[in-house]
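What follows is a set of notes on a single structure, which appears directly below.
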């Protein structure tokens, strides 16, 4: 074989490898590109804001509070379900933490109670959807109001200070600073992303989730326990919601009964912006992870360029509608 033929073979192999990589990772690469271009655009418009290292530390501090929930929510949406009750799960779970902590003075026991309550509430959501047969959207709207109301009843609408946790190892592990810069909640979000990614991409549970989202009837015919898988997905959302709620309360050193209320819209926007289809069967954890940072960058950018802060709500809503519309168009083209 001549040197020219060898060079041609190498180029063809390299091109095939690049095309294969692009086809498999095109969505993720596109989302990273959007994030890079968006931050470059914001850096040009507001250099005093986006040129400061502190704003990126602020992103790492605030993003995990909704990002940790968005990760298992991505899995749930891939499985063609939805959970709109996760803000209320955050609140009712942290209520359990507060009650146990006040009685025992032990924050670790409080955290265990918090995680158990979140997991059980998630299981209850799954049972309602699977065995009663309610659409997950309707069921979780109902449970959102129910658990939010329970928080108000249990606490009588009062807030509870958690300032005595400051300076403790418990708080440092959850929301302290690594190397005096990286917030620990960012480390926890990375851990959560790895766990959910492994479940979705390196475990048969993830394969079952994708199959259910693509075609539930086919999944049943293949012998997959669809009901159990769906319930477990709801349980994971509940568990991660409880942990995210605890991080939020410990970080601000206070528990308010409206904990989590501001995270519903931005959590959903991050999931859909990350490429997850509301119709199920399509989505990536990496996409949602990057989508969280895109969503988080919008509000400070809007304020920095002098627009009204209310504009962010318009942008979030536009992102959700546009993402769903794009997936609708793609589905129609595939069918044609």
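Residue numbers (our numbering): 60 to 395.
We treat Cβ as the ideally placed atom computed from N, Cα and C, and that holds for glycine.
- Residue environment for residue 160: buried (at least 16 other C-beta atoms within 10 angstroms of its C-beta).
- Excluding sequence positions up to five before and after residue 122, its CB lies within less than 8 Å of the CB of 245, 248, 351, 352 and 355, all in the same chain and listed in chain order.
- For residue 326, the CB contacts under 6 Å within the same chain, skipping 5 residues up- and downstream, are 125, 128 and 129 in chain order.
- Spatial neighbours of residue 196 in its own chain (CB-CB distance under 6 Å, excluding positions within 5 residues in sequence) are listed in chain order as 141.
- Excluding its 5 nearest sequence neighbours in each direction, residue 282 has no C-beta neighbour in its own chain below 6 Å.
- Looking at the DSSP output, residue 313 bridges to 220.
- DSSP places residue 179 within a helical segment (H, G or I) once states are collapsed to three.
- Note on geometry: alpha-carbon atoms of residue 381 and residue 108 lie some 28 Å from one another.
- Boundaries of the alpha helix (DSSP H) around residue 152: 145–163.
- Under DSSP, residue 242 shares a beta bridge with 236.
- Distances from the CA of residue 285 to each of 144, 186 and 237 were compared; the closest alpha carbon is that of 186.
- Secondary structure of residue 283 (DSSP, three-state): coil.
- In the DSSP annotation of this structure, the continuous segment of the alpha helix (DSSP H) that includes residue 115 starts and ends at 112–121.
- When the five nearest sequence neighbours on each side are left out, the beta carbons in the same chain lying within less than 6 Å of the beta carbon of residue 119 are those of 242 and 245, in order along the chain.
- With the rule of 3 Cβ pairs closer than 8 Å, the stretch 284–298 does not count as touching the stretch 336–348.
- Looking from the CA of residue 222, the closest CA among 231, 320 and 357 belongs to 231.
- Taking each of 331, 132, 149 and 346 in turn and checking the Cα distance to residue 306, the smallest one comes out for 149.
- Residue 292 sits in a helix when the DSSP states are folded into three classes.
- Contact between residue 333 and residue 349 holds, with the beta-carbon distance rounding to 6 Å and staying under 8 Å.
- Residue 97 places its beta carbon 7 Å or farther from that of residue 330.
- Spanning the alpha carbons of residue 310 and residue 361 requires a straight line of approximately 25 Å.
- At a Cβ-Cβ threshold of 7 Å, residue 144 and residue 202 count as neighbours.
- Using a Cβ distance threshold of 7 Å, residue 105 and residue 363 count as a contacting pair.
- Taking C-beta separations shorter than 7 Å and ignoring five residues to either side along the sequence, the partners of residue 209 in its chain run 151, following chain order.
- In the DSSP annotation of this structure, residue 140 is not part of any alpha helix (DSSP H), being labelled neither H nor E.
- Taken atom to atom, the span from the alpha-carbon of residue 315 to that of residue 301 is near 14 Å.
- The Cβ atoms of residue 219 and residue 157 sit closer than 7 Å to each other.
- The three-state reading of DSSP puts residue 369 in coil, since its state is none of H, G, I, E or B.
- Assignment of residue 201 by DSSP, reduced to helix, strand and coil, places it in the helix class.
- Taking all protein chains shown into account, residue 367 has fewer than 16 neighbouring C-beta atoms within 10 Å of its C-beta and is therefore exposed.
- Annotation for residue 108: the continuous alpha helix (DSSP H) segment containing it runs 106–109.
- Per DSSP, residue 191 lies in no alpha helix (DSSP H) segment and is marked neither H nor E.
- A direct Cα-Cα distance of roughly 10 Å separates residue 139 from residue 194.
- Around residue 312, the same chain offers 220, 221, 222, 224 and 225 as residues with beta carbons nearer than 8 Å, after the five sequence neighbours per side are excluded.
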